[in-house]
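Notes follow once the structure below has been shown.
Residue numbers (full-length UniProt numbering): 1 to 723.
Structure representation (structure tokens):
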């Protein structure tokens, strides 16, 4: 997605946020934040006291001007908290608006009469492809006879549409026929077009993207209003954000602290009455002063910024081109302690290509290349295609074989192949199965046919694996013809990234379908903590459940339908934007850049969110100490002159002390808005060192800053003669 990020206090954000600050003064809105609701009630109460003091000046015990000043600054406290939340929501809404602009009413060419016509279409297209020609969408009779124009809003899940050059893909779906170049820049922000085709993990298309070349037949996978674009808009709408478990727990703590201070403050009024009567001197503390004391002692700073922190966390994910389905997912990313990472594309560059054919003794290279190519024709993976290309470079180009039954590659079998008529190989008897795949999978296949894997080939496979490459075996019937070597390269700097994660206390586990020797070589080079070799979807799911049963939070990435069960089980599941619909629905985050290494950034963003919330909570509670030294002596010094010793800031007067504390309490929210929205910068250091650093910075800072701030405000009030 195009992230033209607005500056923090851009006028396009500030003006609506200022207006929203006032509209959020509704009691129904304020009630959702218990801490600020207390300030809201206090503001109303002091306003009424001010009105009363105008008519009955002697009843309140305070000058009307002082009550008005306290009341105004209490209202400012509420407005500043509203402004912080509205500003955070405004950034999310700006992102949602840019997405909403992509959603246009479009027309589609819908297939009529499915499924009978659809079956005929698929049959004719498949026949044309088998003949080696490039099929055209009109081969299934005339285009006008089958395809009918239909509004995108009228399409439903299961409908089949034709998308040609220049057409907008109406809704999310799966490509069932055709290959085309698709412009997804409106969604991902990536200007380079991507190839979408039927089969494999690149068959998913997103509504709102445009076909640049060729054509696609797409089966719609969602109903209108349920598309990926619609879900993205809903995800970034801050107003619809559900509070996370940690946020709820912190809210309960803040409410508990507020209730404690409320009960303490309420008891001070009868205590003051008794003390003034017993001492025979001094004045009874006013209700205005008690409200000011309550507001200053409850955790208003974090209470006013808590919602903004949560909204900003999701917004920062969005700026990284990662869509989180909920704040819970972002928060869980900060607590993750196990990362499951696919080898291909994450740890290695992912462009694993066939580099050599290693024939078995007595088998010539051309025969191995011929069999490997035939066995790879139904393999839609990049590796399978690279084998076909390598064979062609070696001078082998297999023509279509009549009567061949192709076996596509699956994650469960870890093989692909073709069952060929014996005559096609100049043999007699039944059909001959050609298989290409993982060495262990092919070995089991050969043994099931009462064959054996030659020791020489096992040694060759081990050598390939020790070099960090991937060996694939090729078998013709019960005989293994040789090994195909696939090469891949570990990404530069990935070892250092894993070292950082280790210092963060996060365990990294590499997941790969390679054999154990290859996996061990790559794992050692990359510096991961552990690896799972020859992994099937069931193995991934089992590993995640095992870690979760030990009380760990697990994160993983995936893009294929076979990854969906593991993604659904993981605590943080980042699905690739280019992946299948099943993967995106199973995950709780979607990476629009389809960059598997983004998982590392997701974890860091999640930890930054938790750190920001913790830092502001620490600061908020710590700065209450200074307010205590400002207000408590001020409201009781007339009755107990000895309390003047607690006036360590040497504030000008009791009225100045109270008003200075109230003003500081309001202004500190404004000064902390940038920190709440931008977040605390995460540093990959140990938990103990991180705790010491934050306590020193935000704990000690929370103690010292209010002393300085309240004193400066007091000096200013005294200088202008307002107290």
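Each residue gets a CB set at the ideal place from its N, CA and C atoms; glycine is no exception.
For clarity, every value in this text was computed on a predicted model and none was experimentally measured.
Legend entry - Residue(s) in a DSSP beta bridge with residue 417: Among the bridge pairs identified by DSSP, residue 417 is matched with 407, 435.
Inset, instruction - Please state whether DSSP places residue 558 in a helix, a strand or coil. - result: In the structure shown, residue 558 adopts extended strand secondary structure according to DSSP, grouped into three states.
Inset, instruction - Using a threshold of 8 Å, state whether the C-beta atoms of residue 483 and residue 374 are closer than that. - result: Contact flag unset, no.
Inset, instruction - To the nearest angstrom, report how far apart residue 436 and residue 513 are at their CA atoms. - result: Going by the C-alpha atoms only, they are around 14 Å apart.
Inset, instruction - Run the CB neighbour count on residue 294, radius 10 Å, all protein chains shown included, and call it buried at 16 or more, exposed below. - result: Burial call: buried.
Inset, instruction - Hey, could you find the ends of the beta strand (DSSP E) residue 591 is sitting in? - result: Counting along the chain, residue 591 sits inside the beta strand (DSSP E) bounded by residues 589-591.
Inset, instruction - State whether the region 314-321 contacts the region 621-639, with contact taken as three or more CB pairs (one from each stretch) at a distance under 8 Å. - result: The region 314-321 and the region 621-639 do not touch, with fewer than 3 CB-CB distances between them shorter than 8 Å.
Inset, instruction - Take the Cβ of residue 56 as the centre, count every other Cβ of all protein chains shown within 10 Å, and call the residue buried at 16 or more, exposed below. - result: Residue 56 should be labelled exposed.
Legend entry - Residues bridged to residue 338 (per DSSP): When DSSP reads this structure, residue 338 sits in a beta bridge with 507, 554.
Inset, instruction - Determine which residues share a DSSP beta bridge with residue 220 and list them. - result: Bridge partners of residue 220: 173.
Inset, instruction - Could you check which residue in 175, 149, 164 has the C-alpha nearest to that of residue 158? - result: Selected option, being the one with the closest Cα: 175.
Inset, instruction - Count the other C-beta atoms from every protein chain shown that fall within 10 angstroms of the C-beta of residue 724, then say buried if there are 16 or more, exposed otherwise. - result: Outside the modelled stretch of the chain, which goes from 1 to 723, sits residue 724, for which no answer is possible.
Inset, instruction - Might you give, ordered along the chain, the residues of its own chain that have their beta carbon closer than 6 Å to the beta carbon of residue 302, omitting 5 neighbours on each side? - result: The residues are 616, 617, 620.
Legend entry - Own chain, CB closer than 7 Å to residue 163, minus 5 neighbours either side, in chain order: Cβ neighbours of residue 163 beyond the five flanking positions: 169, 211, 215, 216, 218.
Inset, instruction - Take residue 46 and list the residues in its own chain whose beta-carbon comes closer than 7 Å to its own, dropping the five residues that flank it on each side. - result: Closer than 7 Å at Cβ, skipping near neighbours: 67, 70, 71, 74, 288, 291.
Legend entry - residue 323 vs residue 589 beta-carbon contact at 8 Å: In this structure, residue 589 lies closer than 8 Å to residue 323 by Cβ.
Legend entry - Touch test, the region 554-564 against the region 590-607, Cβ-Cβ under 8 Å, three pairs minimum: Three or more pairs of CB atoms, one per stretch, sit closer than 8 Å, so the region 554-564 contacts the region 590-607.
Inset, instruction - Flag this pair as touching only if the region 442-462 and the region 493-509 have three or more C-beta atom pairs under 8 Å; answer yes or no. - result: The answer is no - the region 493-509 does not touch the region 442-462, with fewer than three Cβ pairs under 8 Å.
Legend entry - Nearest-angstrom beta carbon gap, residue 509 and residue 672 [assumed within contact, 8 Å]: With a Cβ gap of about 38 Å, residue 672 and residue 509 do not count as contacting.
Legend entry - Nearest-angstrom Cα separation, counted from residue 278 out to residue 714: Looking at the two C-alpha atoms, the distance is approximately 32 Å.
Legend entry - From 297, 699, 401, 550, residue whose alpha carbon lies closest to that of residue 629: Among 297, 699, 401, 550, the Cα nearest to that of residue 629 belongs to 297.
Inset, instruction - Tell me, please, whether the region 412-419 touches the region 439-448 by the rule of three or more beta-carbon pairs shorter than 8 Å. - result: Touching, per the Cβ criterion.
Inset, instruction - Would you kindly work out how many angstroms separate the C-alpha atoms of residue 562 and residue 537, rounded to a whole number? - result: Residue 562 and residue 537: Cα-Cα distance of roughly 6 Å.
Inset, instruction - To the nearest angstrom, report how far apart residue 654 and residue 269 are at their CA atoms. - result: C-alpha of residue 654 to C-alpha of residue 269: approximately 17 Å in a straight line.
Legend entry - Residues that DSSP places opposite residue 531 in a beta bridge: 510.
Legend entry - Proximity of residue 609 and residue 679 at Cβ, strictly below 8 Å: Note that the C-beta distance between residue 609 and residue 679 is below 8 Å.
Inset, instruction - Report the rounded CA-to-CA distance for residue 491 versus residue 37, giving the unit in angstroms. - result: If you draw a straight line from the Cα of residue 491 to the Cα of residue 37, it comes to about 52 Å.
Inset, instruction - Assuming residue 518 and residue 465 form a contact by the criterion Cβ under 8 Å, report the distance between their Cβ atoms to the nearest whole angstrom. - result: About 4 Å separates the CB atoms of residue 518 and residue 465; that is less than 8 Å, so the two are in contact.
Legend entry - Exposed unless 16 or more other CB atoms sit within 10 angstroms - verdict on residue 364: Taking a 10 Å sphere around the C-beta of residue 364, we find fewer than 16 other C-beta atoms and assign the residue as exposed.
Inset, instruction - Classify residue 151 as helix, strand or coil using the three-state DSSP reduction. - result: Residue 151 carries a strand assignment under DSSP once its states are collapsed to helix, strand and coil.
Inset, instruction - My understanding is that residue 353 touches residue 486, with C-beta atoms under 8 Å, so please give their C-beta distance in whole angstroms. - result: Contact holds; Cβ gap of about 7 Å.
Inset, instruction - Run the CB neighbour count on residue 665, radius 10 Å, all protein chains shown included, and call it buried at 16 or more, exposed below. - result: Counting Cβ neighbours within 10 Å, residue 665 comes out buried, since at least 16 surround it.
Inset, instruction - Mind checking who residue 353 pairs with in its DSSP beta bridge? - result: Residue 353 is bridged to 487.
Inset, instruction - Might you give, ordered along the chain, the residues of its own chain that have their beta carbon closer than 7 Å to the beta carbon of residue 479, omitting 5 neighbours on each side? - result: Around residue 479: 451.
Legend entry - Residue closest to residue 355, alpha-carbon to alpha-carbon, out of 669, 377, 331, 392: It is 392.
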